[in-house]
Every structure is written in C-alpha cells, then in structure tokens.
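Asks: Numbering (my numbering), first residue to last: 1 to 252. Glycine included, each C-beta is placed from N, C-alpha and C at the ideal position. This is the structure I want to talk about, given as structure tokens.
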Ligand code: SAH
C-alpha cells in the first residue's frame, strides 16, 4: 500500500501470473440476441454450474464479500456468451465475444467487483462494456451503471441485451479513456481493457474517496491490476497482482 500523486509512474510491473484474462483473437461469433423466453434469473439449466463456479473458482480463491458472491450467483452468464461457447459459459477462463475481444474469466469479474466496493445506489462507470456481463454484475449489486464501449457493434449488442434482461445499465459507444463526464462524479470506476498509464480524465471523474480498479501495463504484455482510492488530490494504490487484459485502444 502506498500513496502517490496523480501522475503515477508505474515502472515496475510486478507479475503474479496466476489468474489472468486472456485476449482471444477473432473470428467473431454470434451472440444470443435475447434470453430464451421464460428464462428465470434464479432457476435455469445453468443454476448448478453457476453455484459451482462461485464456490470453486471464486470463493475458494478468496473473494468473500457475500453481496458479490450473491450477484455472481444471480447473473446468468450464459446469456452473455456467444451461442458457440454456451457449454463453456461457466468455465474458469475468458471467452471470445467477437471483434477480437473477450468476456473476462468469472474470477476476475468477481475480484474487480469486490475491489471497487460498490454499494446499492452508487453511481458506477465501467470502461469496456464488451458483452455487458461485468456491467450486469454491478447492476445486480444495486449500482446505477454507465458503461462505455469503443466497438459500435459490441456497444449496441450489450445495450440491447442489458435492456432485455432489465439491468440498470446505460451503454454508450465511445472512447472510454475520456470517461463519461455527463454523469460524473462516480463512486467507483472499473476499467476492463488495459492502458499503459492511468487515464487522467477517469481520475478527475472519480469522487473523493471513490475507487478505480484498472489493469495497467504495456500493450501486448502482462499488466498489473491496481485498486486506486482517491484521497483529495492523491491516489492510494494497491497492487492486486498480474493480469492479462485486451489493450485499451484510443479512438482516432
Ligand atoms: N467487461 C466486458 C469485457 C470487456 S473486454 C465483459 O464483461 O464482457 C474489453 C472491452 O474493452 C472490449 O469490448 C473492447 O472493445 C473495449 N475497449 C477497448 N478500448 C476501449 C476504449 N478506449 N473505450 C471503451 N472500450 C474500450
């Protein structure tokens, strides 16, 4: 734990390469446009797989916040993965969602969710909506979620899926490096693509005391997952270990 100024110089990338999310290259795969009619969010054919996922992949690795475990148990992850990968929806790894992007490994979603410490009613910004799964988990915790996605097709599909499932998430297409000023300040910001430095617009849009959870590292290499807490003009930083996310790309 240490305190550092806004201009963070993250030279040393400590690798604890145990839990990683990995980029998977195309081909794009078809995502289910909508949940099957009659699907219930509490009892579906995957209820047992989801319970096992929560216990063996998440709880046993140290995520203990009961509200996070409940949310991971409640959100139907199989409705966020391409139909071609349905049988792996609850497996212990990331999955391709098309356009060279991935839905993160369940453990990483749970860990990041725990580390931003979301409470009911919090205003939360996510960068990198992807499939919309992480945003759904945040909304399941009672947060009001705003999510920015740079790939128009993914933004549109995530928005549609989240609306159909009834989650309190607003998605827009854009460059998340810039945040989403309109709804700032945020109680928490979660970034699911990796830049090589802390985007200052995100820090500015975080309220005092707010948390920013973000992977930072060189393009094409491992990154460090950081939990930053804003304390006035400073950021308190905690290293959460080595990860591998897709890079945060900038809009030209
Ligand atoms: N949170 C997602 C996983 C995201 S993968 C889920 O739960 O499925 C990372 C996502 O970040 C990709 O969809 C990628 O297109 C997006 N991304 C990359 N750079 C971005 C940027 N500058 N702004 C917004 N989204 C970005």
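1. Say the cut is 7 Å; is the CB of residue 62 nearer than that to a heavy atom of the ligand SAH?
2. On a Cα-Cα basis, can you pick out the residue from 98, 235, 194 and 53 that is closest to residue 208?
3. Please go through the segment 80–135 and give each complete alpha helix (DSSP H) segment of 4 or more residues, from N-terminal end onward.
4. State buried or exposed for residue 134, treating a residue as buried only when at least 16 other CB atoms are found within 10 Å of its CB.
5. Below 8 Å between beta carbons: does that hold for residue 127 and residue 193?
6. Just how far apart, CA to CA, sit residue 190 and residue 49?
7. By the DSSP assignment, the beta strand (DSSP E) with residue 55 in it spans what residues?
8. Residue 177 and residue 250 look like a contact to me (Cβ under 8 Å); what is the Cβ gap, rounded to whole Å?
9. Among all the DSSP beta bridges, which residues are the ones paired with residue 228?
10. Can you give the Cα-Cα distance for residue 78 and residue 205, rounded to whole angstroms?
Replies: A quick look at the data gives this:
1. Looking up residue 62 in the chain shown gives position 62. No; taking the cut-off as 7 Å, the Cβ of residue 62 has no heavy atom of the ligand SAH nearer than that.
2. Here residue 208 refers to the residue found at position 208 of the chain shown. Closest option to residue 208, Cα to Cα, is 235.
3. 106–116
4. Mapped onto the chain shown, residue 134 falls at position 134. When all chains shown are included, residue 134 counts as buried.
5. If you number the chain shown from 1, residue 127 lands on position 127. If you number the chain shown from 1, residue 193 lands on position 193. Yes.
6. Against the chain shown, residue 190 aligns to sequence position 190. Against the chain shown, residue 49 aligns to sequence position 49. Answer to the nearest angstrom: the Cα atoms are 26 Å apart.
7. In the chain shown, counting from the first residue as 1, residue 55 sits at position 55. Per DSSP, residue 55 belongs to no beta strand (DSSP E) and is neither H nor E.
8. Start at 1 with the first residue of the chain shown, and residue 177 comes out as number 177. Start at 1 with the first residue of the chain shown, and residue 250 comes out as number 250. Confirmed, Cβ separation roughly 6 Å.
9. Taking the first residue of the chain shown as 1, we reach residue 228 at position 228. Answer is 212 and 237, bridged to residue 228.
10. For this step, residue 78 is matched to residue 78 along the chain shown. For this step, residue 205 is matched to residue 205 along the chain shown. Each residue's Cα considered, the two are about 33 Å apart.
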